[in-house]
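First the structure, in the form of structure tokens, and then the observations on it.
There are 2 protein chains.
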Amino acid sequence: MPILIQDVLHIDRQVDILIEGNRITKVENSGSINPASLSGEVDIIPGKNRGVIPGLVNCHTHAAMTYFRGYGDDRDLMDWLENMIWPVEAHLTPDDIYWGSRLACMEMIQTGTTAFLDMYTFPEATAQAVEDSGIRAVLSYTMFDRWDDARAKLDQKNCHKYFELFSHYSDRVRFAVGPHAIYTVSAPQLQFAHEFAKEHDCLVNLHLAETYQEWKDCTKNFGTTPVRYLKDLGVLSPRLVLAHSLWMDSEELQILADYGCSTVHNPASNMKLASGYKFRSEEMCEKGIRVGIGTDGCSSSNNLDMVQAMKLASLLGKAWRGDPKATPAKEMFVAATKAGSEILRIDGGEIEPGKLADLSLVRLDIPEMTPCHDFISNLVYSASGSAVDTTIVDGKVLMRERQIPEYDVLLKKGVEVSNDLLRRAGRG
Amino acid sequence: MPILIQDVLHIDRQVDILIEGNRITKVENSGSINPASLSGEVDIIPGKNRGVIPGLVNCHTHAAMTYFRGYGDDRDLMDWLENMIWPVEAHLTPDDIYWGSRLACMEMIQTGTTAFLDMYTFPEATAQAVEDSGIRAVLSYTMFDRWDDARAKLDQKNCHKYFELFSHYSDRVRFAVGPHAIYTVSAPQLQFAHEFAKEHDCLVNLHLAETYQEWKDCTKNFGTTPVRYLKDLGVLSPRLVLAHSLWMDSEELQILADYGCSTVHNPASNMKLASGYKFRSEEMCEKGIRVGIGTDGCSSSNNLDMVQAMKLASLLGKAWRGDPKATPAKEMFVAATKAGSEILRIDGGEIEPGKLADLSLVRLDIPEMTPCHDFISNLVYSASGSAVDTTIVDGKVLMRERQIPEYDVLLKKGVEVSNDLLRRAGRG
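Line order of the protein sequences matches chains A and B. Heads up, the final residue of the first sequence is numbered 428 in full-length UniProt numbering, and it's a clean run with no missing numbers. Heads up, the final residue of the second sequence is numbered 428 in full-length UniProt numbering, and it's a clean run with no missing numbers.
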């Protein structure tokens, strides 16, 4: 059934938006699209007191880590990983991953995110959660060989297996290779990932230059800095998406630009884990690098709210640069929508005829959006994801007036499975 | 009518809370308080799937600046003030201030704030808005003599006038002297404010050491740094509340501790205006300074959400220190509740018998609070103020299950008056 959104604020004018199939087909001045002129039934969504935004794209997360929200906060990195996260993660099952991902997808839908790039264990379970929740995702198979040949071979085999498996899902699910990091994945394996991605035309999702420790270890072990190391290995390409990208010099940014790589800013996780805070989005954009925004997983971020992530990215950019004009709201909004879509190769990210119907309506009749001198400023600087009212992905309404089917079931399952997981890990 | 909150999560246990008059009178294990044992009617609030928190205390804001939310973002400070804010501010009337403050109070009530320290023009209009909305506030008369004798005399007269005027309001409204800053208020006037506050036992609300420019000008004009300048003037006291307090050395922090002064961290505004980001809350707390959190006004922050302010304060503290253990959630929570109450001299800030009944219930049955390994971690790091469900101030329910009386009227008035203000300022 076509969807007609009537009289909604689009940046600074009121429009009607027609969605047919999974595409936006018309965006016209308010009142221009007559529902009677459309054949058959139409789902009419009133847009009064709402603003429309392209769906937010979360370019880096680990969805099923919802289980670890608030589990062991405020600790040193290794204490946290060794004593809290890893001992419990060892007990994760595909069923856990499915329900943890369902919870994550619900949180994203509720806060206006329509697509995400994921990296975690049992991606087939996350894929099923994405299918069932109606959201869109690119899911990485995590490669983690630690210079072990047997593991390297298994990971290579699994890339083929999952690529094939994911081809049977809907268009909303796509495969990516996910070499975890340069300190967990060997050079030949990074090269395999690059070649695999080239052959199958998929993304490569890699954590890079997240911490100063990683930078130091790289220069010590490989004799050069992270980006130069990847360049020397011949694995830079427009398919490469680099999460974090904090510890890089200007020449390295130029190298990334020359090879068409993308970077992803994860302000909440970078700040909370004290990984670093000088993400140079402005220099990256100037050089032509596509820059997206991510929340990272709930273990470190601790939510999946991209509206809050935009605000953090903007405020942090202004703070460390000492420049109130830096990283303005509108640039963060582009990073979270248009650039994110480009990075994930989704034909959306804009409210325009022909684009995929991945979008959200934001309430304007709430204190944090009142008065509305500037819709995007209000959204980025004042609202949170809770201002999102309606979310549509691939032409389907996934949340309408804050109502999500299965809401109570998914919350209950999330709690039950989390408790059960802790019990199995001897922490219950 | 007494209020009985049944079976609510308090930190890590389920309790019943009894409120009689404007005080909490009982906090007992869930199921211990039998409503039939209470005389007369009882307002029973179910606490299932809710956590209770002491009301959040916003220690620095300019409430009626809601009008300037998103008005001229992403500009240099002087461009923003001279071309956007000041020309419109010049047209503000008491009626504008009343409705702008009502909108602000509603936003605060909705996000769990029960008290605030304000500084703005026409404080009598803000006082009336506080009375009518049911929230609690300490309202400063802004002193701004700029070394002009006539203005200094007027401000002195007005301090007496407003102190007297505010004595006729309810206990929820109190007066403070508000010398704006050391670059807008002369030394004799700062001394007057100090003496006035001593005589009438009220707070002194002062912006201090907000920007490096202020620090430089102070050393140039007064031959010493901001805190030392105040010490030399003899105006340091336990009544002095210093908003921002960014540009201070360790010896200055020790001076503030010795005199019992309080400081207020405004992370959103400090980051957005690029004023500085190294707020040294840990060193301040170690020295025994009371540290509160504020949002600052909506012109710079751009909301009044203290839950988001706690998160920002924590993440920022970890980021610039490079220490993930720094500024933990629980310390930020204490700053926003207990310390804030102490700074504003409110006998609340804790869920304990005898304390003022200023508190909020937070929803636990939402994705961002699921699972709940740690309530306070979830609140600070994952939620936003939208998780607040019910707010009680002075024993009165101001919001119940997200419903606030007059919600629609107040939003509509906010928009109308804002449009009218812009028209009067020639910007409509």
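Backbone N, C-alpha and C define an ideal beta-carbon position, used for all residues, glycine too. From a predicted model like this one, the values you see are computed outputs, not experimental measurements.
| Query | Result |
| --- | --- |
| For Lys48/A, does the count of other Cβ atoms within 10 angstroms reach 16, so buried, or fall short, so exposed? | exposed |
| I'd like the list of long-range same chain contacts for Leu18/B, defined as Cβ closer than 6 Å, with 5 residues on each side in sequence excluded. | Leu4, Thr25, Lys26 and Ile33 |
| Pick from Tyr98/A, His244/A and Leu273/A: whose alpha carbon is nearest that of Met284/A? | His244/A |
| Indicate whether at least one CB of chain A lies closer than 8 Å to the CB of Arg400/B. | no |
| Quick check on the burial criterion: 16 or more other C-beta atoms within 10 angstroms. Buried or exposed for Gly322/A? | exposed |
| Are three or more beta carbon pairs between the region 360-371 of chain A and the region 383-399 of chain A nearer than 8 Å? | yes |
| Beta-carbon within less than 8 Å of Asn302/A's beta-carbon, same chain only, minus the 5 sequence neighbours each way: which residues are those? | Arg69, Gly70, Asp73, Ala268 and Lys272 |
| Please return the same chain residues whose Cβ sits closer than 7 Å to the Cβ of Val42/A, not counting the five positions on each side in sequence. | Met1, Pro2, Leu4 and Pro35 |
| Please classify Ala104/B as buried or exposed, where buried requires at least 16 other C-beta atoms within 10 Å of its C-beta. | buried |
| Does DSSP put Asn378/B in a helix, in a strand, or in coil? | helix |
| Buried or exposed for Ile289/B, please, with buried defined as at least 16 other CB atoms from any protein chain shown within 10 angstroms of its CB. | buried |
| Only counting the same chain, and skipping five residues up and downstream in sequence, which positions put a Cβ closer than 7 Å to that of Ala187/A? | Leu233 |
| Output yes if chain B places a C-beta closer than 8 Å to the C-beta of Met306/A; else output no. | no |
| Let's test the definition: count the other Cβ atoms within 10 Å of the Cβ of Lys318/B and tell me whether it reaches 16, buried, or not, exposed. | buried |
| Look at the alpha carbon of Leu240/B and the alpha carbon of Lys216/A, and state the distance between them as a whole number of angstroms. | 46 Å |
| Name, in chain order, the residues that DSSP records as bridge partners for Pro2/A. | Pro2/A pairs with nothing; no bridge assigned. |
| Is the beta carbon of Met310/B less than 8 Å from the beta carbon of Gln110/B? | no |
| Is Tyr381/B close to chain A, meaning its C-beta is less than 8 Å from at least one C-beta of that chain? | yes |
| Excluding the 5 residues flanking Lys287/A on each side, which residues of the same chain have their C-beta closer than 7 Å to its C-beta? | Leu253, Gln254 and Ala257 |
| Give the DSSP-derived three-state secondary structure of His207/B in the structure shown. | strand |
| Work out the CA separation of His160/A and Asp95/A for me, nearest whole Å. | 23 Å |
| In chain B, what lies closer than 7 Å to Val415/A by C-beta? | Thr370 and Pro371 |
| In whole angstroms, what separates the C-alpha of Ile293/A from that of Ala313/A? | 8 Å |
| Tell me where the beta strand (DSSP E) around Arg423/B begins and ends. | No beta strand (DSSP E) contains Arg423/B, which is instead part of the alpha helix (DSSP H) from Tyr407 to Arg424. |
| Is any beta-carbon of chain A found at less than 8 Å from that of Gly322/B? | yes |
| Assign Arg136/B to buried or exposed, taking buried as 16 or more other Cβ atoms, counted over all protein chains shown, within 10 Å of its Cβ. | buried |
| Name the residues in the region 111-142 of chain B whose C-beta lies less than 7 Å from a C-beta of chain A; which are they? | none |
| Using three-state DSSP, classify Ser281/B as helix, strand or coil. | helix |
| Pairs of beta-carbons, one from the region 222-236 of chain A and one from the region 186-201 of chain A, closer than 8 Å: are there three or more? | yes |
| Is it buried or exposed, Thr224/A, if we count other Cβ atoms within 10 angstroms and call 16 or more buried? | exposed |
| State the DSSP-derived secondary structure class of Thr263/A, mapped to helix, strand or coil. | strand |
| For the region 57-79 of chain A, list every residue whose C-beta sits within 7 Å of some C-beta in chain B, in sequence order. | Tyr67, Arg69, Gly70, Tyr71, Asp73, Asp74, Arg75, Asp76 and Leu77 |
| By DSSP's criteria, Asp95/A is part of a beta bridge. Which residues make up the other side? | Partner(s): none; Asp95/A has no beta bridge. |
| Quick check on the DSSP output: what are the complete beta strand (DSSP E) runs of length 3 or more inside the region 145-202 of chain A, in order along the chain? | 173-179 |
| In whole angstroms, what is the alpha-carbon distance linking Phe122/A and Thr93/A? | 8 Å |
| Check distances from the C-beta atoms of the region 240-269 of chain B to those of chain A and list, in chain order, the residues that come in under 9 Å. | Pro267 and Ala268 |
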